[in-house]
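Encoded as structure tokens, the structure appears first; notes follow it.
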Amino acid sequence: AQSVTQLGSHVSVSEGALVLLRCNYSSSVPPYLFWYVQYPNQGLQLLLKYTTGATLVKGINGFEAEFKKSETSFHLTKPSAHMSDAAEYFCAVSGYPGGYQKVTFGTGTKLQVIP
Amino acid sequence: DGGITQSPKYLFRKEGQNVTLSCEQNLNHDAMYWYRQDPGQGLRLIYYSQIVNDFQKGDIAEGYSVSREKKESFPLTVTSAQKNPTAFYLCASSTDSRESFFGPGTRLTVL
């Protein structure tokens with residue numbers, strides 16, 4: 793079975809401060825991992841993804857995430873928060889349980905950026 | 134432009150009525166998905182389909198039905214058996230790379 797746990801349903805940071813959103817996963821096979829962002833009343837957009845290879849993955853809008861197998865983590869970071877980063881962020885894991893491609897999402901973390 | 138369209142954006146339904154949400158994609162993706170989103174619960178999988186004329190129940194399929202007669206289309210029907218249908222519904226498709234592409238969503242409200 794695959795699962796994702798996002799620690800912290802709400803995170804507040806000051807503009808210009810480091811953003812750290814936490815994600816831990818469980819997967820019986822090497823995972824494909826994703827971070828998505830959602831703005832109010834919209835669909836989700838891909839921020840970045842890890843499949844194989846380099847464990848530090850860079851995405852759009854200055855975000856990056858590091859795959860740590862020993863810690864089963866895939867935390868999302870950004871060195872300096874911008875007001876436009878305020879949104880909800882979802883971590884996801886993709887696998888083939890039962891032979892069908894399936895994506896399991898975390899419960900999301902709402903990021904608030906304080907001016 | 135390639136993408137996923139969902140219609141309508143907002144939908145109101147009276148209790149006891151069935152309603153169908155539309156999802157169309159022109160990305161030529163084989164896999165398509167329906168998710169339900171409620172505050173604080175993330176995305177929960179309702180149904181998914183890997184190919185035409187084949188679909189699988191997700192984690193919360195009760196009270197929902199789907200069809201996949203064409204590669205481009207994956208409509209979702211919310212039946213009167215769904216006890217609490219008010220939610221935001223998202224349709225998605227994916228490639229072999231497993232990246233998901235999402236539509237803009239439909240917000241369903243039961244009156």
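These protein sequence lines are chains A and B, in that order.
Counting from 793, one number per residue, gives the positions in the first sequence under our numbering.
Counting from 134, one number per residue, gives the positions in the second sequence under our numbering.
Glycine included, each C-beta is placed from N, C-alpha and C at the ideal position.
Being a predicted model, the structure only gives us computed values, none of them experimental.
Problem set entry | Closer than 8 Å to chain A by CB, residue 124/B | Residue 124/B is absent from the structure shown; chain B starts at 134 and stops at 244.
Problem set entry | Residue burial classification, residue 885/A (beta-carbon count within 10 angstroms, cutoff 16) | buried
Problem set entry | Same chain only: Cβ atoms within 6 Å of residue 153/B, ignoring 5 sequence neighbours per side | 208 and 210
Exercise. Within the 8 Å Cβ cut-off, does residue 181/B reach chain A?
Worked result: yes
For this session: Using alpha carbons as the reference points, say which of 899/A, 903/A and 893/A lies closest to residue 821/A.
Result: 893/A
For this session: Please classify residue 898/A: does DSSP put it in a helix, a strand, or coil?
Result: coil
Exercise. Can you name the start and end residues of the beta strand (DSSP E) that residue 858/A belongs to?
Worked result: 856 to 860
For this session: Measuring only between beta-carbons, confirm whether residue 141/B sits less than 8 Å from chain A.
Result: no
Exercise. Assuming residue 896/A contacts residue 811/A under a Cβ cut-off of 8 Å, what Cβ separation, rounded to an integer in Å, is found between them?
Worked result: Not really, about 23 Å apart at Cβ, beyond 8 Å.
Exercise. Is the shortest distance between the beta-carbon of residue 194/B and the beta-carbons of chain D less than 8 Å?
Worked result: Any reference to chain D falls outside this structure, whose protein chains are A and B.
Exercise. Is the shortest distance between the beta-carbon of residue 237/B and the beta-carbons of chain A less than 8 Å?
Worked result: yes
Exercise. Mind listing which residues of the region 200 to 228 of chain B have their C-beta closer than 9 Å to chain A's C-betas, in chain order?
Worked result: 221, 223, 224, 225 and 227
Exercise. Can you round the beta-carbon distance between residue 168/B and residue 225/B to whole angstroms, since I take them to be within the 8 Å contact cut?
Worked result: 7 Å
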